[in-house]
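Novice: Residue numbers (this note's numbering), protein chains in the order written: chain A, 1 to 47; chain B, 48 to 481. Here a beta-carbon is modelled for each residue, glycine too, at the ideal position from N, C-alpha and C. The structure that follows is given in the form of structure tokens.
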Amino acid sequence: MKTLSVYCATVLLSFAWATHQGYAVNSLFGNHRHEEPGQHSGTFYHK
Amino acid sequence: MAETGKYPPGGVKTFSCPNCGGTIGIRAVGVTVSAVCESCGSVIDVANDELRIISKALEHTRKNLLLPLGARGQLFGAEWEIIGYVERGDEDSTWWCEYLLFNPWQGFRFLVESDGHWNFVKMLRREIVDATYDGKKYKLFFRDSVLVKYVMGEFYWRIKVGERVTVEDFIAPPYVLSAEYSDQDIIWSQGLYVRPEAIQAAFNIKEEWPEPTGIAGNEPSRSGTFLPRAITAMVVAMGCLVVFQVMAAMTARNQLLFDQNIHASPMQKDAPTTTEPFTIPGGDANLEITVFTKVDNDWLEVEAEFVNQDTEQRYSALETVEYYHGYDSDGSWSEGGQTSWDMLSAVPGGKYRLFITTDSGAIAKGQPSDYRLRVVRDAPEWSNFWTAFLFLFSALVVLFARYGAMEQARWANSSIAHLVGPPSAPERVGDENA
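Now the structure itself:
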């Protein structure tokens with residue numbers, strides 16, 4: 001029961017943190033690119 | 048009768064075996080009816096002074112028992128002494144072993160061991176109807192004719208090696224109801240599953256016992272006892288998740304940053320259109336990018352690149368819209384759509400320019416493409432919710448699967464599995480084991 005409680009709490013906290021920080025799970029499946037200054041872009045991975 | 052000793056408290060009264068002259072010890076004086084000679088294995092009627100031989104053993108070997116005769120242990124609030132031992136089974140194999148326990152104030156109980164699984168058994172003084180006891184319905188699990196194969200110690204009934212009875216077991220884990228049918232009567236008893244470690248601790252047994260094999264008929268399922276509480280925990284967690292999500296959706300700013308119809312001409316191919324600088328307010332938040340277009344049997348690809356004017360960090364999304372349709376031998380078909388939607392995670396606030404690059408089937412043919420591009424800041428987001436929901440739900444699926452696997456293994460051991468229905472839903476039980 002303790003393991004399950006820790007598991008549920010972890011899932012809920014991860015959800016709350018990710019949503020609050022503006023992270024979205026579905027953005028993992030898009031064609032995205034993030035470049036820091038000085039980086040040169042490659043090509044997009046085509047769906 | 049040759050009495051060779053007194054019976055001090057906790058002591059043993061001894062007799063001489065009428066068959067071989069060996070010593071027979073009686074611990075439950077006054078209630079023991081038959082006793083086994085340790086030397087020759089003959090079963091002696093000790094109910095009265097005329098020591099009568101009930102049965103003579105053809106051959107007798109003393110066995111090393113997991114719980115030795117005379118051992119005392121504290122179980123379920125009373126001290127029990129092991130005074131008898133019976134093995135039952137068929138002609139070829141032993142199915143289970145019964146240790147007879149005695150306490151002068153509590154009477155008799157049994158510890159029954161089968162494949163390393165143990166039950167603490169008490170006789171029931173009432174008739175059982177419809178396999179229901181204390182309001183609990185038991186399921187038939189085992190039915191067979193069993194033989195007394197081996198005996199040691201003393202007993203409160205006239206036991207006989209070779210005696211055959213029919214036994215039925217009904218289960219409602221962690222309990223088992225057993226009915227023993229003989230020519231004279233039916234004896235009902237109730238057993239409670241006890242973990243071997245509890246028996247070893249109770250009788251101070253230091254030797255290691257073989258690990259229990261398989262799943263016992265009334266072995267409580269850890270998943271089964273755990274399941275009702277787990278379901279409650281999951282429902283609470285899912286409720287919290289819904290509340291969090293509703294709050295997140297209600298407090299999302301859902302701010303429209305950009306919404307324009309764009310006319311992309313073939314001349315602009317590979318040359319991005321640049322917007323004027325605009326401000327994305329606030330801290331990190333998502334950006335929702337949607338492309339609407341009327342492509343018809345064609346495709347359109349839009350790269351939207353947000354460039355931070357201060358830090359030069361770039362966040363890009365590539366949207367592809369495809370819509371094809373037609374007819375074939377199976378009738379009409381279509382694939383794709385005229386809208387594409389995507390989301391960028393955690394884009395920090397600041398001053399940005401948007402670089403838009405367009406390509407399409409029409410542009411490749413030298414024709415312009417029209418579409419609408421919309422960008423929303425901090426849009427309500429559901430993918431996190433469904434992912435968290437999936438994680439919670441999968442834990443529940445795993446628990447149910449473990450419960451189901453154990454029940455399947457349990458009923459695979461049943462001698463009458465084909466006669467009864469599927470196992471019932473789990474029921475919460477307390478830890479009643481010693």
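#1: Using 8 Å for Cβ pairs, my map puts B/G47 next to B/P221. What's the rounded Cβ distance?
#2: Identify every residue that forms a DSSP beta bridge with B/R190.
#3: Give me the Cα-Cα distance between B/S63 and B/A82, rounded to the nearest whole angstrom.
#4: According to DSSP, simplified to helix, strand and coil, what is B/V293?
#5: Measure the C-alpha to C-alpha separation of A/M1 and B/S268 and round it to an integer number of angstroms.
#6: Along chain B, in chain order, which residues have C-beta atoms closer than 7 Å to that of A/V25?
#7: Looking only at its own chain, which residues have a Cβ that is under 6 Å from the Cβ of B/N421, when we skip the five neighbours before and after it?
#8: Note down, one range per segment and in chain order, each beta strand (DSSP E) of at least 3 residues found wholly within the stretch 367-409 of chain B.
#9: Taking only beta-carbon atoms, is B/S392 less than 8 Å away from chain A?
#10: Please identify the residue among B/D425, B/R205 and B/I262 whose C-alpha is closest to the C-alpha of B/T298.
#11: For A/A16, which residues from the same chain have a beta carbon less than 8 Å from its beta carbon, with the 5 sequence-adjacent residues on both sides left out?
#12: Got a sec? Which residues, its chain only, sit under 6 Å from B/A277 by beta carbon, not counting five neighbours each side?
#13: Could you check which residue in B/A75, B/F123 and B/V198 has the C-alpha nearest to that of B/A248?
#14: Here's the rule I'm using: 16 or more other beta-carbon atoms within 10 Å means buried, otherwise exposed. How should B/R294 be labelled?
#15: At a cut of 8 Å, does the stretch 194-205 of chain B reach the stretch 134-143 of chain B through at least three beta carbon pairs?
#16: Mapping DSSP to helix, strand and coil, what is B/I309?
#17: With 16 other CB atoms within 10 Å as the buried threshold, where does B/M453 fall?
#18: What are the start and end residues of the beta strand (DSSP E) that includes B/C144?
#19: Helix, strand or coil: how does DSSP classify B/W235 here?
#20: With burial defined as no fewer than 16 other Cβ atoms inside 10 Å of the residue's Cβ, what is the status of B/P473: buried or exposed?
#21: List the residues of chain A whose Cβ lies closer than 8 Å to the Cβ of B/L331, in chain order.
Specialist: Concretely, from the data shown:
#1: Missing from the structure shown is residue 47 of chain B; chain B here goes from 48 to 481 and no further.
#2: B/E215
#3: 11 Å
#4: helix
#5: 14 Å
#6: S430, N431 and T434
#7: Checking the sequence shown, residue 421 of chain B turns out to be Arg, not Asn. D306 and T337, listed in sequence order.
#8: 378-383, 386-394 and 397-407
#9: yes
#10: B/D425
#11: none
#12: L446
#13: B/F123
#14: What sits at residue 294 of chain B in the sequence shown is Met, not Arg. Its Cβ having fewer than 16 others within 10 Å, B/M294 is exposed.
#15: yes
#16: strand
#17: buried
#18: T141 to N150
#19: strand
#20: Because B/P473 carries a pLDDT of 42, less than 50, the predicted location of this residue cannot be relied on, and the following value inherits that uncertainty. Flag for B/P473 reads buried.
#21: Note that residue 331 of chain B is Asp in the sequence shown, not Leu. Simply Q21 and G22.
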